[in-house]
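In what follows, a structure is listed as structure tokens, so that the remarks can point back to it.
Residue numbers (mature numbering (1 follows the signal peptide of the UniProt record, and there is no 0)): -20 to -1, 1 to 202.
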């Protein structure tokens, strides 16, 4: 993607909905099920959902001391294989995003049913029987925070599909809309039409000039 420096501005939006990053690392090692039970005993809904890039990057920082410990290969999170679809699904029912940072192709390991943040930081699937650390979190009102950059006078090019196209009064509202969807990777606001188009992973090829557009490009998982 070609970036024109004069048209790019750093942009950070931290939204007020939800408790910001309410996570807890269990400081002892146990299997997936026991880790989940310990989290619930502490008042959390279970293991943490880290589906958005912003939450994921925070979890990387929070778990680094235990995740990179020589005694473990990672940290359990709230991700498991759906028995009907056989897809790895977050515990709030949402599917993992297409660009989720998997360590390996999980479809090649259908007997590994539980999610773990690997020592190197990627997601991986596990038997769930190994003793690992666990990351606790709640499953409702997840933080809606979007970090990224603004491309002034630019619109997405080569768009193959969109998550949504809705009327909004401002560019700020468009960015907020993107932040509410963990799958959103870019959002274009057209000031003439007052429309916001949100885009998922791999749904556009780059940016092209349009004087009526501003495009928010969200940061990735790392």
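Positions of the beta carbon are idealized from the N, C-alpha and C atoms, including for glycine.
Values in this document were obtained by computation on a predicted structure and should not be read as measured data.
Rounded to the nearest whole angstrom, the CA to CA distance from residue 118 to residue 32 is 14 Å. In this chain, the alpha helix (DSSP H) harbouring residue 35 covers 33 to 47.
A distance below 7 Å between beta-carbons, with the five flanking residues on each side excluded, links residue 161 to the following residues of its chain, in chain order: 143 and 178. A Cβ-Cβ contact shorter than 8 Å links residue 9 with residue 112. In the DSSP assignment, residue 15 falls outside any beta strand (DSSP E) and lies within the alpha helix (DSSP H) extending over 12 to 21.
Following the DSSP letters along the chain, one finds residue 159 inside the alpha helix (DSSP H) bounded by residues 151 to 159. For residue 97, the closest C-alpha among the options 84, 167 and 1 is that of 84. Within the DSSP bridge table, the entry for residue 136 names 187 as partners. Linking residue 121 to residue 198 through their CA atoms gives a straight-line distance of about 20 Å. Membership of residue 88 in any beta strand (DSSP E) is not indicated, and neither H nor E is assigned to it by DSSP. Residue burial is scored here from C-beta neighbours: residue 67 has fewer than 16 other C-beta atoms within 10 angstroms and is therefore classed as exposed. Residue 116 carries a strand assignment under DSSP once its states are collapsed to helix, strand and coil. By the Cβ-count criterion, residue 186 is exposed, with fewer than 16 other Cβ atoms from all chains shown falling within 10 Å of its own Cβ.
For residue 123 and residue 4, the gap between their C-alpha atoms comes out near 15 Å. Separation of residue 76 and residue 91 (C-alpha to C-alpha, rounded to the nearest whole angstrom) is 18 Å. Per DSSP, the continuous beta strand (DSSP E) segment holding residue 103 begins and ends at 103 to 106. DSSP places residue 81 outside both helix and strand once states are collapsed to three, so it counts as coil. Per DSSP, residue 67 is not a residue of any beta strand (DSSP E), being assigned neither H nor E. 182 is the residue among 154, 182 and 35 whose C-alpha sits nearest the C-alpha of residue 79. Beta-bridge analysis with DSSP links residue 170 to 175 and 193. When the five nearest sequence neighbours on each side are left out, the beta carbons in the same chain lying within less than 8 Å of the beta carbon of residue 157 are those of 144, 146, 148, 164, 167, 176 and 178, in order along the chain. Around residue 154, the same chain offers 148, 167, 169 and 176 as residues with beta carbons nearer than 6 Å, after the five sequence neighbours per side are excluded. For residue 196, the closest C-alpha among the options 54, 35 and 129 is that of 129.
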